[in-house]
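Visitor: Following this message is one structure expressed as structure tokens.
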Amino acid sequence: MRHLLKLAGMKETEGREILRLAEKAKKARGKKSSSKGPLAGQIWALIFTKASTRTRVSFEVAIRELGGVPSFLSAAEIQLGRGELVRDTARVMGRMVHGAVIRTFAQGDVEEFAEFAKIPTINALTDDEHPCQILSDIFTIEEKRGSIRGKKVAFIGDAACNVPRSWAEAANIFDFQLICGAPKEFRPPSVGKHVSWTEDPMEAARGADVLYTDVWVSMGKESESAERERIFAPYQIDRKLVGLAKKNALVLHCLPAYRGKEISAEILEERAEDIFDQAENRLHTQKGILEWIVAKTLKGKR
Ligand code: CP
Ligand code: NVA
């Protein structure tokens with residue numbers, strides 16, 4: 004049984020296999036009939052407690068184009084939203100569907116679901132992790148600028164939230180440098196050989212191959228909006244920061260974007276081609292992830 008619950012523990016060869024499948028899926032898009040795809044005959048539940056545009060649509064399309072059927076379940080509309088336990092929901096799902104894609108708050112809930120459902124389970128974002136996003140972003144960087152090994156990725160903003168946490172795991176796996184420019188209240192939970200932190204966004208941006216940001220107010224943190232906007236005000240990706248990065252640096256954003264907050268409107272529009280290619284690549288990478296999980300799970304059963 005294979006899951007994708009977090010990036011920690013993934014081997015580079017496994018990540019590379021997913022990226023290779025994603026590349027193949029991108030090239031093949033529109034050319035292949037889905038009826039014999041690797042998910043033929045499978046129904047996958049998408050259980051979402053938080054809002055989503057890219058992750059939801061990319062998984063729904065990917066599952067269909069791989070021959071499967073997605074079943075979207077808003078947590079508010081199933082008994083989970085009325086207090087049914089995660090483990091009981093999981094035991095039911097595991098008897099009816101072939102896999103699950105889950106977006107929620109607690110990382111422990113996704114892990115508990117996987118344990119009790121006993122079906123392949125994918126983390127579609129928790130408060131701690133966003134593994135599918137970061138695998139897809141590596142795909143985008145390598146597609147546009149070649150191997151990520153040894154590159155400097157500067158994350159500017161809330162370095163304590165899910166997206167940079169998964170970036171930090173990826174830096175250890177794929178051997179690149181992640182430098183976080185973040186206020187001390189929102190510094191990364193740990194630093195090390197591949198991950199560093201500075202309070203100065205300009206220092207983080209200097210010489211970077213990739214400038215990356217995410218929202219200042221993650222889902223679930225809305226009550227802290229005013230305080231966060233005050234603290235993060237100096238951490239906007241704007242022309243000044245872009246000018247400090249390498250001349251051909253990529254500017255990426257996982258989206259949704261709030262212009263005038265974590266990124267200036269002019270930089271977002273100037274770099275829109277890359278940023279929306281990045282969003283599109285979520286679809287191709289979800290296919291890589293699904294195909295990899297299904298193949299590994301089948302292999303494990305043989
Ligand atoms: N980047 C991302 O996960 O977007 P959604 O919240 O729209 O899925
Ligand atoms: N950190 C953001 C990511 C959104 C894709 C959030 O959790 O809301």
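Here this note's numbering is used: the first residue of the sequence shown is 4, the next is one more, and so on.
Every residue, glycine too, gets a C-beta built ideally from N, C-alpha and C.
1. Given the structure, does D131 come close to ligand 2, in the sense that its CB is under 7 Å from one of the ligand's heavy atoms?
2. Which first and last residues belong to the beta strand (DSSP E) in which N126 is found?
3. Helix, strand or coil, according to DSSP, for V60 in the structure here?
4. Kindly list the residues whose CB is nearer than 8 Å to the CB of K243, restricted to its own chain and excluding five residues on each side of it in sequence; keep chain order.
5. Pick from F116, M4, E26: whose alpha carbon is nearest that of F51?
6. Between L138, D112, R148, E118, which lies nearest to E15 when the distance is taken from Cα to Cα?
7. So the candidates are E17, H256, I105, L69; which of them puts its Cα closest to the Cα of R59?
8. Apart from the five residues on each side of it in sequence, which residues of its chain come closer than 6 Å, Cβ to Cβ, to E172?
9. If you measure between the beta carbons of H6 and P186, is that distance less than 8 Å?
10. Looking at the unbroken alpha helix (DSSP H) that takes in G291, where does it start and where does it end?
11. Does the beta-carbon distance from S77 to I46 come in below 8 Å?
12. By how many angstroms is the C-alpha of F158 removed from the C-alpha of V140?
13. Could you name the residues that DSSP lists as bridge partners for Q180?
14. Any contact between the region 245 to 257 and the region 191 to 202? By contact I mean 3 or more CB pairs, one from each, below 8 Å.
15. Report buried or exposed for T143, applying the criterion of at least 16 other Cβ atoms within 10 angstroms of its Cβ.
16. Are the Cβ atoms of W219 and D161 separated by less than 8 Å?
17. Determine the contact status of L286 and S61, defining contact as a CB-CB distance below 8 Å.
18. Using the three-state DSSP reduction, which class does T201 fall into: helix, strand or coil?
19. Where do the ends of the alpha helix (DSSP H) carrying P73 lie?
Guide: Straight from the coordinates:
1. One-based indexing of the sequence shown puts residue 131 at position 128. In this structure, D131 has its beta carbon at no less than 7 Å from each heavy atom of ligand 2.
2. As a position in the sequence shown, residue 126 is number 123, starting the count at 1. Judged by DSSP secondary structure, N126 falls within the beta strand (DSSP E) whose first and last residues are 124 to 126.
3. If you number the sequence shown from 1, residue 60 lands on position 57. DSSP places V60 in helix when its eight states are reduced to three.
4. As a working note, residue 243 is residue 240 in the sequence shown. So the qualifying residues of the chain are M205.
5. Stepping through the sequence shown from its first residue, residue 51 is reached at position 48. Ranking the options by Cα distance to F51, first place goes to F116.
6. Position 12 of the sequence shown, counting from 1, holds the residue named residue 15. Ranking L138, D112, R148, E118 by Cα distance to E15 puts L138 first.
7. Walking along the sequence shown from the start, residue 59 turns up at place 56. Checking every option, the nearest Cα to that of R59 belongs to I105.
8. Along the sequence shown, one-based indexing puts residue 172 at 169. So the qualifying residues of the chain are L10, A11.
9. To locate residue 6, count along the sequence shown from 1; it is residue 3. To locate residue 186, count along the sequence shown from 1; it is residue 183. Pairing H6 with P186 gives a Cβ-Cβ distance that is not under 8 Å.
10. Within the sequence shown, the letter at position 288 stands for residue 291. Note, G291: alpha helix (DSSP H), 275 to 304.
11. Reading the sequence shown from its first residue, position 74 is the one you call residue 77. Reading the sequence shown from its first residue, position 43 is the one you call residue 46. No. Outside cutoff.
12. Residue numbering aside, residue 140 sits at position 137 when the sequence shown is read from its first letter. Residue numbering aside, residue 158 sits at position 155 when the sequence shown is read from its first letter. Rather than Val, the amino acid found at residue 140 in this sequence is Asp. The straight-line gap from Cα to Cα measures roughly 13 Å.
13. Taking the first residue of the sequence shown as position 1, residue 180 is located at position 177. Q180 is bridged to K155.
14. No, the region 245 to 257 is not in contact with the region 191 to 202.
15. Position 140 of the sequence shown, counting from 1, holds the residue named residue 143. The residue in question, T143, is buried, as its Cβ has 16 or more Cβ neighbours within 10 Å.
16. What you label residue 219 is simply residue 216 of the sequence shown in a count that begins at 1. What you label residue 161 is simply residue 158 of the sequence shown in a count that begins at 1. In this structure, D161 lies closer than 8 Å to W219 by Cβ.
17. Within the sequence shown, residue 286 is the residue found at index 283, counting from 1. Within the sequence shown, residue 61 is the residue found at index 58, counting from 1. Yes, the pair counts as a contact, with Cβ atoms nearer than the cut-off.
18. Counting from 1 along the sequence shown, the entry for residue 201 is found at position 198. Residue state, collapsed to three classes: strand.
19. Residue 73 sits at position 70 when you count from the first residue of the sequence shown. Not the alpha helix (DSSP H): P73 falls in the beta strand (DSSP E), residues 72 to 77.
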